[in-house]
Ligand SMILES: [Zn+2]
């Protein structure tokens with residue numbers, strides 16, 4: 179029986195709580211949520227708050243809006259981060275001060291994951307812990 183699943187995660191994010199599905203049996207966190215624990219096949223879960231500490235694993239700039247809802251947001255940067263607690267999460271990448279800085283996104287940099295609003299929905303977003311690079315080239319993005 180899934181006790182903290184997809185619906186509960188969206189509800190926690192809506193309440194500004196950065197929670198993920200944690201297995202009651204082995205305490206592993208997983209994302210996206212599933213009916214069974216990918217580590218031990220347990221079927222009962224709790225919502226577990228995470229620290230927000232993460233490393234950037236991959237990123238990309240979206241130039242073409244995937245739907246009309248995103249048309250006024252392009253270009254924007256998305257990424258996959260690995261939370262300190264384990265799960266990989268897709269995030270919107272934001273500069274430290276939105277709209278004011280260039281960030282040199284590089285795989286492996288430390289980021290802080292919080293919740294932010296995209297199209298009126300609370301979703302994970304990430305900001306670099308340090309803004310140290312202003313450069314030109316393929317690994318730099320103005321946000
Ligand atoms: Zn488990």
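In the working numbering, the protein residues as written are 179 to 321. No residue lacks a Cβ here, since even glycine has one placed at the ideal position from N, Cα and C.
- Of the candidates 197, 285, 194, 285 places its Cα closest to the Cα of residue 258.
- Distance from the CA atom of residue 246 to the CA atom of residue 203, rounded to whole angstroms, is 43 Å.
- For residue 213, there is no enclosing alpha helix (DSSP H), as DSSP marks it with neither H nor E.
- If the five residues before and after residue 238 are omitted, its C-beta is found closer than 8 Å to the C-beta atoms of 255, 256, 257, all from its own chain and listed in chain order.
- Out of 215, 236, 295, the CA that lies nearest to the CA of residue 282 is found in 236.
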